[in-house]
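Okay, structure first, notes after.
In mature numbering (1 follows the signal peptide of the UniProt record, and there is no 0), the protein residues as written are -31 to -1, 1 to 765.
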């Protein structure tokens, strides 16, 4: 077996060139797609629009209630933040091709914002987009509430951008721009005639009247444009300092008049438009491509109405919840969850930090390897990989606004039912990041804006770290759709895309086999195959971050002879998908290898990981006598062979698996399946990240596997197993949906995980990534009552 470090020096230059070429190819493909070119693709912002073009136009929105000098600066909203005085925010309706509606309930600023965003295709440069922003004072707001709104546009790369017609008496403002990719365009601003403006209350009004927009143009280093809030504050500080000098601190104007940007329209690559409103307000921002269709406020109103109607109609067809979730409140909840997942799609472009030292210590071959690897990391020279792009949905806009490899497969499960081409586009975007060795970084932190949200110790990526290969789940779904009559017209297109992806899927699969192999021979383990065993690299005593199950209890101390049940299950899932895909694509030379590897993995899962003593699947390690022993921490990892679809419906261990899932003293709770057994000594200890909480993605895999088991006919499971699985499926589906729904109603948010004792949402707020799988779960069949009886008689 070749060591991990061998051969990589030669591949490194090829890998760097590949990144550049793939980025260029992908750019031209994206730029030609009208309906996907523009979007709120800056999900880290409450509202920020950009095209899927590197180094191009960035726009964003800031707002605040500036009625108090002491809190005004703190009140400015820009980037999504946790616990920032929000009663909830997010997309209530959203389609990435048409647009949607976002509502922001800002308790801190005593204002609710409704942002309608729509796109109209046409022309040669991706069409037009527009945003209608409405402000509604909350119940506790004073009638004279003053809200300041700042819209900015910055040009990161080559192009023109400047204000025109700034001296019009009606205050009309237009930004005119041009780039080679976007052509010529205008950004115009228009207010409702019913808006109220602040009264003149201070002599400073005469020098800078606020009954028309304030305009400011600056020249900013291109790589700093994303720091818009700091730029705004710097401009405001200059104004406030001037007011202090002119009027003194005892005679300052009201805060809303002082917290204003400099009035200096002119040349530059960063431009701001600031407006003041009293009470309720409405304002339009319209991007108009010169080559696109004509637009107006009237056409915007029609587009908003049409987009909403179209979304509701399609949502009813694709995701209308099934019993027992038939009340309108569940439909609103489901629409919001899906819209926030879909509205969390972002476009990222930039360099990334990678440790390409390929230190031999990273093979983790010696006892005490975690200390050796820590020393190797400390002396490694970190390089920046060339800029690359990624089109991806993010787990959480405030806390994880970037791409995560194992999250993405779960994100795409509902998206695949809504828009197949967007799904394929995202899958391709991820595989375009693969290096020549087959590695994709598990966390995509592209550029300084993305890095600003990540602690330094987590910014560097390591080419020997894996991550659960959940994109293979989507390949399975794409093959399912090929055989569905509903997708008959798309069959050829899907097959063509799968054929293009096939070499990359193979490459990643063999990268897993080569770099994450486990040792069978050195420890005289008895197994069907001497090759099929796997061990996560990147192990530390308390964590295996690459596994995705960060702090889940593992054997102590770490040992190079460890074998991990979750990893062999993931590799088994990959081999199963490749058996199916190679057969579908008639890749005759590959089919025998994939089949034999898959068979050996299935056999070795039982040979190496089943504990007859504990009646569950477990990790294995080497004890003080150099013997292989099981280390059993019952929980999610014990269910992995079942969750990844590797246990046939007649498998003898299925009754024990169902016992573990349904036991209240082990994994069952009224709110969902716990991550770790309640009887485990580590339950709820230390960080308690994966040591008790309920995670929706794992519960989804359990539910899907239960449903597959109940529906199995070739061969059919024993009647007792089917009856048991049906009961667990029905109860778990209801419990899990109710948990997420009730917390969404109570707090206004979806959450990263849920407390197994109370059902309360916890950890990351506004976690609309894989928690949005409840949309698919609510659409799963209701098998209680008649449905369950039909299953029992083999009718469904």
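Think of the CB as a built atom: it goes at the ideal place given N, C-alpha and C, for glycine as much as any other residue.
Just the C-alpha distance for residue i and residue j, rounded to the nearest angstrom, thanks.
i           : j           : result
residue 146 : residue 473 : 39 Å
residue 746 : residue 706 : 8 Å
residue 536 : residue 503 : 6 Å
residue 7   : residue 151 : 10 Å
residue 45  : residue 251 : 19 Å
residue -7  : residue 23  : Low confidence applies here, because residue -7 scores a pLDDT of 43, under 50, leaving its location unreliable and the question unanswered by this model.
residue 433 : residue 349 : 14 Å
residue 282 : residue 700 : 30 Å
residue 13  : residue 50  : 9 Å
residue 347 : residue 650 : 34 Å
residue 290 : residue 127 : 48 Å
residue 748 : residue 677 : 15 Å
residue 241 : residue 731 : 37 Å
residue 364 : residue 439 : 14 Å
residue 295 : residue 87  : 29 Å
residue 102 : residue 42  : 22 Å
residue 608 : residue 268 : 54 Å
residue 164 : residue 180 : 11 Å
residue 712 : residue 727 : 11 Å
residue -4  : residue 25  : Residue placement at residue -4 is flagged as unreliable, the pLDDT there being 38, under the threshold of 50; a coordinate-derived value is accordingly withheld.
residue 129 : residue 197 : 19 Å
residue 688 : residue 459 : 38 Å
residue 553 : residue 21  : 33 Å
Would residue i be called buried (16 or more neighbouring beta carbons within 10 Å of its own) or exposed?
i           : result
residue 236 : exposed
residue 125 : buried
residue 168 : exposed
residue 477 : buried
residue 385 : buried
residue 52  : exposed
residue -1  : Note that residue -1 scores a pLDDT of 40, beneath 50, so its modelled location is shaky; the value from the coordinates is reported in the next line. Looking at its Cβ environment, which holds 16 or more other Cβ atoms inside 10 Å, residue -1 is buried.
residue 410 : buried
residue 116 : buried
residue 619 : exposed
residue 626 : buried
residue 213 : exposed
residue 693 : buried
residue 594 : exposed
Within the same chain, show all residues whose beta-carbon is closer than 8 Å to that of residue i, passing over the 5 residues directly before and after it, in chain order.
i           : result
residue 769 : Absent from the model: residue 769. The displayed extent of the chain is -31 to 765, so no value can be given.
residue 114 : 34, 36, 79, 80, 106, 247, 248
residue 174 : 222, 226
residue 351 : 322, 323, 324, 429
Here's a check: name, in chain order, each residue in its chain whose Cβ is nearer than 6 Å to the Cβ of residue i, leaving out the five neighbours to either side.
i           : result
residue -9  : Unreliable positioning characterises residue -9 in this predicted model, as indicated by a pLDDT of 42, which lies under 50. The coordinate reading is nonetheless provided below. Closer than 6 Å at the Cβ level, and outside the excluded window around residue -9, lie 357, 358.
residue 416 : 319
residue 392 : 381, 384, 385
residue 466 : 393
residue 85  : 70, 101, 273
residue 513 : 505
residue 456 : 450
For residue i, which residues in the same chain have their Cβ closer than 7 Å to its Cβ, ignoring the five residues on either side in sequence?
i           : result
residue 339 : 508, 509, 510, 527
residue 380 : 310, 362, 738, 739
residue 231 : 185, 204, 207, 208
residue 479 : 407
residue 485 : 435, 503, 504, 505, 506, 536
residue 652 : 645, 646, 660, 661
residue 498 : 569, 572, 573
residue 447 : 463, 467
Consider the C-beta atom of residue i and the heavy atoms of the ligand ZN; say whether any pair is separated by less than 7 Å.
i           : result
residue 207 : Looking for the ligand ZN in the displayed structure turns up nothing, as the structure carries no ligands at all.
| task | Within the region 660 to 693, note down every full alpha helix (DSSP H) run reaching 4 residues or more, in order along the chain. | result | 665 to 680
Q) Does the region 516 to 526 come close enough to the region 601 to 613 that 3 or more CB-CB pairs lie under 8 Å? A) yes
With three or more beta-carbon pairs closer than 8 Å as the criterion, would you say the region 54 to 63 touches the region 299 to 309? yes
Quiz item: Do the region 171 to 187 and the region 271 to 281 make contact, defined as three or more Cβ pairs closer than 8 Å?
Solution: no
Mind listing, in chain order, the continuous beta strand (DSSP E) runs of no fewer than 3 residues lying wholly within the region 340 to 410? 351 to 362
Q) If we count Cβ pairs, one from each stretch, closer than 8 Å, do we get three or more for the region 83 to 92 versus the region 253 to 262? A) yes
Taking only runs that begin and end inside the region 566 to 601, name each unbroken beta strand (DSSP E) of 3 or more residues, in chain order. 588 to 591, 597 to 600
Query - Given 8 Å, three or more beta-carbon pairs between the region 636 to 644 and the region 655 to 675 - result: yes
For the region 589 to 600 against the region 563 to 575, do three or more pairs of beta-carbon atoms, one drawn from each stretch, fall closer than 8 Å, so that the two count as touching?
no
Q.
So within the region 413 to 485, which uninterrupted alpha helix (DSSP H) runs reach at least 4 residues, ignoring any that extend past its ends?
A. 416 to 420, 440 to 451, 460 to 484
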